[in-house]
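Following our numbering, the numbering of the sequence shown begins with 1129 at its first residue and continues without gaps.
Ideal placement from N, C-alpha and C gives every residue a C-beta, glycine not left out.
Structure first, then comments.
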Amino acid sequence: MGKLTRVAVFCGSSPGADPAYRAAARRLAEVLAGRGIGLVYGGANVGLMGEIARAALEHSVPVIGVIPDFLVDYEVAMTELDDLRIVGSMHERKAAVADLADGFIAMPGGLGTLEEFFEAVTWAQLRLHSKPCGLLDVNGYYARLVDFLDHAVAERFVKPAHRAAILVSHDPDTLLDQFERYEAPPSDKWIERGPGRI
Ligand code: AMP
């Protein structure tokens, strides 16, 4: 993959129960600053989304926010951003974020975070892009999801190579090191057919 220009961070529109989640968002922003990597995210100023964007601005990280017009008031757009892009739909938001990012990180978050992250993962699986996808596993928040992914491999619904392509670390620097070394998995999702193809 090599040097990253900009990563997408998907994270909760809520702050979560543990202050460690907010601290991790601030830490990720600091690490992006140290590595000269820009941020693209959902453009809101609430929850962990707001936390990482404010910390990124404090550390002079270039930030692009992409928010659909119907969420501008509801999620309270981060109007302090130099580059806040208001788009017409969720689909446009995801397409813009996917185009702008060299990689995708999910911090702790809810259903929206999971949806956005797994769309990026499934598009990698289909080779619609070859960008790294990783979970920033703050305080074991994603441990049961990782266990479930291993279960899905054992049950032969997910190929080991596609599971392995989901990078996981509790440490943002380690995760971004993994991103820079990342090579896309082989493009064989649909090639072998029939029972036991995984
Ligand atoms: P959540 O993780 O549920 O707090 O949501 C985090 C972000 O994901 C928010 O900006 C939501 O607007 C966004 N989101 C929620 N549902 C979806 C969806 N179906 N597709 C894309 N983004 C979503």
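Exercise. What's the C-alpha gap between Ile1192 and Arg1284?
Worked result: Spanning the two alpha carbons is a distance of roughly 38 Å.
Exercise. Do Tyr1202 and Pro1236 have their C-beta atoms within less than 7 Å of each other?
Worked result: Inclusion of Tyr1202 and Pro1236 in the CB contact set at 7 Å is not warranted, their separation being larger than that value.
Exercise. Would you say the beta carbon of Met1374 comes nearer than 6 Å to a heavy atom of ligand 1?
Worked result: This structure cannot settle anything about residue 1374, because the visible part of the chain is limited to 1129 through 1326.
Problem set entry | Residue span of the alpha helix (DSSP H) that contains Leu1185, given as start and end | First-last of the alpha helix (DSSP H) with Leu1185: Gly1175 to Glu1186.
Exercise. Using a Cβ-Cβ cut-off of 6 Å (strictly less than) and excluding sequence neighbours within five positions of Val1286, which residues of its own chain qualify?
Worked result: Taken in chain order, the residues that qualify are Ala1280.
For this session: Report, in whole angstroms, the separation of the C-beta atoms of Gly1170 and Arg1221, which I expect to be a contact under 8 Å.
Result: So it is a contact: roughly 7 Å between Cβ atoms.
Problem set entry | Backbone secondary structure at Leu1254 - three-state DSSP | Leu1254 falls in the coil class under three-state DSSP.
For this session: Might you give, ordered along the chain, the residues of its own chain that have their beta carbon closer than 8 Å to the beta carbon of Arg1309, omitting 5 neighbours on each side?
Result: Leaving aside the five residues that flank Arg1309 on each side, the residues in its chain whose CB is nearer than 8 Å to its CB run, in chain order, Met1129.
Exercise. To the nearest angstrom, how far is it from the Cα of Asp1301 to the Cα of Val1159?
Worked result: The alpha-carbon atoms of Asp1301 and Val1159 are separated by roughly 7 Å.
Exercise. Nearest-angstrom Cα distance between Glu1243 and Gly1262?
Worked result: So the two alpha carbons sit approximately 14 Å from each other.
For this session: With a threshold of 6 Å, establish whether the CB of Thr1207 neighbours any heavy atom of ligand 1.
Result: Result no, Cβ not under 6 Å from ligand 1.
Exercise. Does the distance from the C-beta atom of Ala1157 to that of Ala1136 stay below 7 Å?
Worked result: No, the pair does not count as a contact, with Cβ atoms beyond the cut-off.
Exercise. Per DSSP, Val1168 is paired with what?
Worked result: Partner(s): Ala1136 and Ile1192.
Exercise. Can you tell me whether DSSP reads Phe1246 as helix, strand or coil?
Worked result: Helix at Phe1246.
Exercise. Would the beta-carbon of Gly1231 be found less than 6 Å away from any heavy atom of ligand 1?
Worked result: Answer for Gly1231: no, Cβ out of range of ligand 1.
Problem set entry | Beta-carbon gap between Gly1175 and Pro1196 smaller than 7 Å | For the 7 Å CB-CB criterion, Gly1175 and Pro1196 do not form a contact.
For this session: Let me know the secondary structure DSSP gives Asp1211 once reduced to three states.
Result: In the three-state scheme derived from DSSP, where H, G and I count as helix and E and B as strand, Asp1211 is classed as strand.
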